[in-house]
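Engineer: As given, the protein sequences belong to chains A and B, one line each in that order. Using numbering that gives the first Met the number 0, the letters of the first sequence correspond one by one to residues 0 to 204. Using numbering that gives the first Met the number 0, the letters of the second sequence correspond one by one to residues 0 to 322.
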Amino acid sequence: MSKRDLNKLSRSASRIGVLALCCAPLAFLAWQTFANQLGPDPAKYLMQSTGEWGLRGLVLVLLASPLSQRGYRFILRHRRILGVATFGYLTLHFLLFAQVYVGWSGDLLREELRERPYVLVGFAAWLCLAPLAATSTNAAMRLMGRSWWSLQRLVYPAVVLAWLHIFWLARSDVGKAVFYGLVYAALLAWRLGRLRRRGGRGRAA
Amino acid sequence: MRKRTYIDRTIKSSDITPEPVFLNRRSLIQASTSAMAAFLGTPAIAAEQSIHSLPLDYRDDPDRSLADQQTPYDAVTTYNNFYEFGTDKSDPARYAHEMTTDPWTIKVGGLVNQPGALYLEDVLRGFDLEERIYRFRCVEAWSMVVPWIGFPLSSLLNRFQPKAEGRYVAFKTLHRRSEMRGARSFTSVIDWPYREGLRMDEAMHPLTLVAVGLYGKTLPNQNGAPLRLVVPWKYGFKSIKSIVEIRVTDRQPQTSWQMLQPQEYGFFANVNPDVDHPRWSQRYERRLPSSVFNPNRVPTMPFNGYADQVAGLYEGMDLTRYY
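(1) Label Glu-178(B) either buried or exposed according to how many other C-beta atoms from any shown protein chain fall within 10 Å of its C-beta, with 16 as the threshold for buried.
(2) Just curious, the beta strand (DSSP E) that Met-177(A) is in, first and last residue?
(3) Thinking C-beta only, is Arg-136(B) closer than 9 Å to Asn-293(B)?
(4) Check the Cβ of Pro-205(B) against every Cβ in chain A and list those closer than 7 Å, keeping chain order.
(5) Just the chain C side, please: which residues come within less than 9 Å of Thr-77(B) by C-beta, in chain order?
(6) Sort out for me which residues DSSP pairs Tyr-118(B) with in a bridge.
(7) Just reading off the alpha helix (DSSP H) that Pro-151(B) is part of, what are its end residues?
(8) Output needed for Trp-52(A): all residues of its chain with C-beta closer than 7 Å, excluding positions within five of it in sequence on either side, in chain order.
(9) So is Trp-191(B) in contact with chain A if we call contact Cβ pairs under 9 Å?
(10) Could you pull the start and end residues of the alpha helix (DSSP H) that Leu-142(A) belongs to?
(11) Curious, which full-length alpha helix (DSSP H) runs of at least 4 residues does the region 35-72 of chain A contain?
(12) Are at least three pairs of beta-carbons, each pair with one atom in the region 248-261 of chain B and one in the region 158-167 of chain B, less than 8 Å apart?
(13) Does DSSP put Gly-109(B) in a helix, in a strand, or in coil?
(14) Could you tell me the boundaries of the beta strand (DSSP E) in which Phe-323(B) lies?
(15) Give me, in chain order, the residues of the same chain whose beta-carbon lies closer than 7 Å to that of Trp-189(A); leave out the 5 immediate sequence neighbours on both sides.
(16) Please confirm whether Arg-115(A) has its beta-carbon closer than 9 Å to some beta-carbon of chain B.
(17) Check the Cβ-Cβ distances between Glu-111(A) and every residue of chain B, and say whether any is below 9 Å.
(18) Verify the CB distance criterion: does Leu-318(B) have a CB-CB separation below 9 Å to chain A?
(19) Is the Cβ of Trp-52(A) closer than 9 Å to any Cβ of chain B?
(20) In whole angstroms, give me the CA-to-CA distance for Val-159(A) and Ser-1(A).
(21) What runs of the alpha helix (DSSP H), each 4 residues or longer, lie entirely inside the region 153-209 of chain B?
(22) How should Trp-103(A) be labelled, buried or exposed, when 16 other C-beta atoms within 10 angstroms of its C-beta is the threshold for buried?
(23) Between which two residues does the alpha helix (DSSP H) holding Pro-298(B) run?
(24) Mind checking who Tyr-283(B) pairs with in its DSSP beta bridge?
(25) Is Gly-125(B) helix, strand or coil when you go by DSSP?
(26) Would you mind reading off the limits of the alpha helix (DSSP H) that contains Thr-90(A)?
(27) Hey, Arg-180(B) and Tyr-283(B): beta-carbon distance below 9 Å or not?
(28) Taking 8 Å as the cut-off, is the C-beta of Val-247(B) nearer than that to any heavy atom in the ligand HEM?
(29) Thr-76(B) lies in the alpha helix (DSSP H); which residues open and close that run?
(30) What would DSSP say about Lys-233(B), mapped onto helix, strand or coil?
(31) Please determine, among Thr-99(B), Val-144(B), Leu-173(B) and Pro-301(B), the residue with the shortest C-alpha to C-alpha distance to Pro-288(B).
(32) Compute the Euclidean distance between the alpha carbons of Val-58(A) and Ser-48(A), then round it to the nearest angstrom.
(33) Answer yes or no: do Leu-55(B) and Thr-217(B) have a C-beta to C-beta separation smaller than 9 Å?
(34) Looking at the structure shown, is Pro-54(B) part of a helix, part of a strand, or coil, going by DSSP?
(35) Can you find the residues in the same chain that come closer than 6 Å, C-beta to C-beta, to Gly-196(B), ignoring five residues on each side of it along the sequence?
(36) From the DSSP output, read off the bridge partner residues of His-276(B).
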């Protein structure tokens, strides 16, 4: 086997590995659900859990560039899988909300969007990420050219909206909101700094 | 000891908890906690030691066939909000066994002619015990149907003869840091001890129950042993657990959740589908157990379905203002 073939093989292997890692939390949640390990109100726990994994996924995805600049390219290489997986968890989060809290009623969903700001910003965050997932294919990247990179910037408002979502939801413990707030702020600040250094031109690496 | 059954005939008939489920509840709990513990590497609490249910002097009434579908004992005793033991729903079942419930003293005082105290034996044997199958609605929009065993709060209050000036009744939960790890926690949010209160007419209402048992046996610690309140037309946080003090006052007492977040939790806390919680709707509730594919969403009823018995207490009151 040539060196190029070996490289390709190891790349595929690590991709499969990362994909497996992304699916692991979901597999565990599925097992817990079907084994009745989640108590009498599993849907609420699942909704919170999938949301939490989405938040973590966003942190990972935003870590790709800063880490790669310091020589750790692993996350950058697999950023696409991580991003799409994150969107998967967040879609599940949204579907669970639709199923359990809104009963697939359009009227109720509209009312929730109107009456509860945190639902609105959560939905808006998901809407920001949907086009990113839709254009995550190689074909899309080719077809869109430079505008593909501009579209990717939607991840920034998505993160801000997602943080607002959990901040407005916080009941007695604001700990989680504070923690993610600090982390996202740091990650976004790094990007802002880089944007200034580049004079606002050029695409993200 | 007479055994009477109180049946709310507006609750529709349905299945009783299947006997195999009911009888096998301990092994179900044991199996699930052991499996979870084995997987997560955490110590499993023996089901026997965490639930000390003593049979009460009570017999099943044949009229139970009229009851709404009751929530299985497993769910009732392993899914609890009892923040003194932690804020996860499974924490009380895991840690409440640390609480000593024998001996137990309930101080009764304030604006009463005969202030005094009640002891464990008094509440378990000093009153005629009845079964009351009530809907229980948490403010978090989940609900259960629980067969409580207890006696009307009015029976207890009348023994101490509330004075005419007494317009409210205030309650306090046990606060014993050495036995309540949630109360010791650095991030515990509630200003202990847990406090609740009722207007006098609410306290004297025939529906208001002092519960000392459920499913025919004494309360497990996580459900508020050895005695708790059940006020079925109000959100569950009004049904204060593990009571150590009852005081008649002439001023509206402070209540824990109202002190913590007054814009979300009011004094009355009547179940009302038309008054949303600031962060979620109260129009529907999940009747537990619910599953992902069958969430068991049911519409919430005004006063949790007890409107014809209690709505009169609030006539003329703006329920959106006095929530």
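Built from N, CA and C at the ideal position, the CB exists for glycine as well.
Structural biologist: Taking the coordinates as given:
(1) buried
(2) Here residue 177(A) is Val; the residue named in the question, Met, does not match the sequence. That residue, Val-177(A), is in no beta strand (DSSP E); its alpha helix (DSSP H) goes 174-196.
(3) no
(4) Near Pro-205(B) there are no residues of chain A at all, since even the closest Cβ is about 30 Å away, more than 7 Å.
(5) Here the protein chains are A and B, and chain C is not one of them.
(6) Thr-104(B)
(7) Where Pro-151(B) is concerned, there is no enclosing alpha helix (DSSP H), although the beta strand (DSSP E) it sits in stretches over 141-151.
(8) Pro-24 and Tyr-88
(9) no
(10) 137-143
(11) 41-68
(12) yes
(13) strand
(14) Coverage of chain B is limited to positions 0 through 322, which leaves residue 323(B) absent and any answer about it impossible.
(15) Pro-65
(16) yes
(17) yes
(18) no
(19) no
(20) 46 Å
(21) 180-183 and 199-202
(22) exposed
(23) Run containing Pro-298(B): none in the alpha helix (DSSP H); it sits in the beta strand (DSSP E), 296-298.
(24) Pro-298(B)
(25) coil
(26) 78-95
(27) no
(28) As for the ligand HEM, it is missing from this structure, which has no ligand bound.
(29) 72-77
(30) strand
(31) Val-144(B)
(32) 16 Å
(33) yes
(34) strand
(35) Tyr-167, Ala-169, Pro-252 and Thr-254
(36) Trp-279(B)
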